[in-house]
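What follows is one structure encoded as structure tokens, with my remarks underneath.
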Amino acid sequence: MVECLWPSGKTPKMRHGKKVNHLGRKSAHRKAMLANMACSLIEHKRIKTTVAKAKALRKYVEPLITKSKDDTTHSRRVVFSYLKNKEAIKELFGDISNKVADRPGGYTRILKIGNRLGDNAEMAIIELVDYNEFAPGKAGESGSKRRRRRKKKSGGATPAPQAAAVVEEVEEVVEQTEDAVDEASEAVEESEEGTEEEDSKES
Numbered sequence: 305m306v307e308c309l310w311p312s313g314k315t316p317k318m319r320h321g322k323k324v325n326h327l328g329r330k331s332a333h334r335k336a337m338l339a340n341m342a343c344s345l346i347e348h349k350r351i352k353t354t355v356a357k358a359k360a361l362r363k364y365v366e367p368l369i370t371k372s373k374d375d376t377t378h379s380r381r382v383v384f385s386y387l388k389n390k391e392a393i394k395e396l397f398g399d400i401s402n403k404v405a406d407r408p409g410g411y412t413r414i415l416k417i418g419n420r421l422g423d424n425a426e427m428a429i430i431e432l433v434d435y436n437e438f439a440p441g442k443a444g445e446s447g448s449k450r451r452r453r454r455k456k457k458s459g460g461a462t463p464a465p466q467a468a469a470v471v472e473e474v475e476e477v478v479e480q481t482e483d484a485v486d487e488a489s490e491a492v493e494e495s496e497e498g499t500e501e502e503d504s505k506e507s
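For the sequence shown, position 49 (counting from the first letter as 1) is numbered 353 according to the numbering used here, and the numbering increases by one without interruption.
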């Protein structure tokens with residue numbers, strides 16, 4: 305029996321139990337890409353990429369953020385061996401480590417934003433949780449006691465933070481309009497009741 309060989313001369317193997325997404329790249333290319341994306345995330349606090357890359361980046365960058373909580377020479381050297389960018393190290397061990405000091409993990413959030421037009425790839429925004437000003441509990445802390453309607457759950461993608469703010473403003477305008485309509489309808493009903501009473505008195 306002749307054994308089937310691939311062009312490399314090795315027999316093909318199945319990926320049993322391998323949980324790492326290779327992202328269609330050789331290991332050196334994958335590491336360089338993740339390091340570059342991690343530096344961009346640290347610098348800009350929010351980047352847009354595909355869902356697969358965002359999930360791989362989350363596994364790559366979160367241990368580095370945990371490492372930055374211990375600001376020692378050894379920690380800086382370990383993180384530098386991954387990122388290889390002095391400006392990113394400075395930002396990570398400075399502002400970011402102070403922001404996430406009390407957070408026990410879960411430093412990033414992935415927001416799905418729909419599919420890309422060219423190849424229909426599923427896109428997402430990955431951001432640092434502590435830098436999102438539109439996050440629940442941060443936006444809407446103005447103390448308004450107006451009643452809010454419950455939002456219906458939809459199976460669609462989560463909107464971007466800017467879109468969420470616009471949606472909230474639109475909902476407020478809709479609520480104000482509904483209140484005005486209710487007041488007008490009550491006034492009309494009262495006037496109709498008054499005319500009915502006058503007609504009954506005349507008769």
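In this text, a Cβ means the ideal position worked out from N, Cα and C, and glycines have one as well.
Open item on the list: Below 8 Å, how does it come out for the region 428 to 439 and the region 397 to 410: are there three or more Cβ pairs, yes or no?
Closed with: Touching, yes, given that three or more Cβ pairs across the two stretches are closer than 8 Å.
Open item on the list: Buried or exposed for MET318, going by 16 or more other Cβ atoms inside 10 Å?
Closed with: Taking all protein chains in view, the Cβ of MET318 is surrounded by fewer than 16 other Cβ atoms within 10 Å, so the residue is classified as exposed.
Open item on the list: If I follow the unbroken alpha helix (DSSP H) through ALA332, where does it start and stop?
Closed with: 331 to 348 is the span of the alpha helix (DSSP H), which, as asked, contains ALA332.
Open item on the list: Would LEU327 and LEU345 qualify as a contact pair, given that the criterion is a beta-carbon distance under 8 Å?
Closed with: Their beta carbons are not under 8 Å apart, which means LEU327 does not touch LEU345 by this criterion.
- [ ] Tell whether a beta-carbon distance below 8 Å holds between MET337 and THR353.
- [x] Result no, Cβ atoms of MET337 and THR353 do not sit closer than 8 Å.
Open item on the list: Is any non-hydrogen atom of the ligand FMN found closer than 7 Å to the C-beta of ARG334, if you look at the structure I gave you?
Closed with: Looking at this structure, you won't find the ligand FMN or any other ligand, since it has none at all.
TODO: Could you say which of CYS343, LYS359 and ALA339 lies nearest to VAL324 if we only look at CA atoms?
DONE: Comparing Cα-Cα distances from VAL324 to each of CYS343, LYS359 and ALA339, the minimum goes to LYS359.
Open item on the list: In the DSSP assignment, the beta strand (DSSP E) including THR412 goes from what residue to what residue?
Closed with: From DSSP, the beta strand (DSSP E) with THR412 extends over 412 to 419.
Task: LYS357 beta carbon less than 8 Å from that of LYS431 - done: The sequence given here has Glu at residue 431, not Lys. No, the pair does not count as a contact, with Cβ atoms beyond the cut-off.
Task: Inter-residue CB distance, ILE351 and TYR411 (contact presumed, cutoff 8 Å) - done: Actually they do not touch by this definition, with Cβ atoms about 14 Å apart.
Task: For MET427, the residue or residues it bridges with in DSSP - done: Bridge partners of MET427: THR354 and GLY418.
Open item on the list: I need the DSSP call for LEU361, collapsed to helix, strand or coil.
Closed with: LEU361: helix per DSSP, three-state reduction.
Task: Simplified DSSP state of LEU327, which is helix, strand or coil - done: Assignment of LEU327 by DSSP, reduced to helix, strand and coil, places it in the coil class.
Task: Terminal residues of the alpha helix (DSSP H) in which TYR386 lies - done: 377 to 387 is the span of the alpha helix (DSSP H), which, as asked, contains TYR386.
TODO: Would you mind giving the Cβ-Cβ distance between LYS388 and SER379, rounded to the nearest angstrom? I have them listed as a contact below 8 Å.
DONE: That belief does not hold up - the Cβ atoms of LYS388 and SER379 are roughly 15 Å apart, past 8 Å.
TODO: Can you say whether SER446 is buried or exposed, counting buried as having 16 or more other CB atoms within 10 angstroms of its CB?
DONE: Unreliable placement is indicated for SER446, whose pLDDT of 46 sits below 50; the coordinate value is still reported in the next sentence. Exposed is the call here.
Open item on the list: For LEU432, list the residues DSSP reports as bridge partners.
Closed with: THR412.
Open item on the list: Rounded to the nearest angstrom, what separates ASP374 and GLU366 at their Cα positions?
Closed with: Within the model, the alpha-carbon separation for ASP374 versus GLU366 is close to 14 Å.
TODO: Starting from the C-beta of GLU490, find all residues in its chain whose C-beta is less than 6 Å away, skip the five residues before and the five after it, and write them out in chain order.
DONE: Closer than 6 Å at Cβ, skipping near neighbours: no residue.
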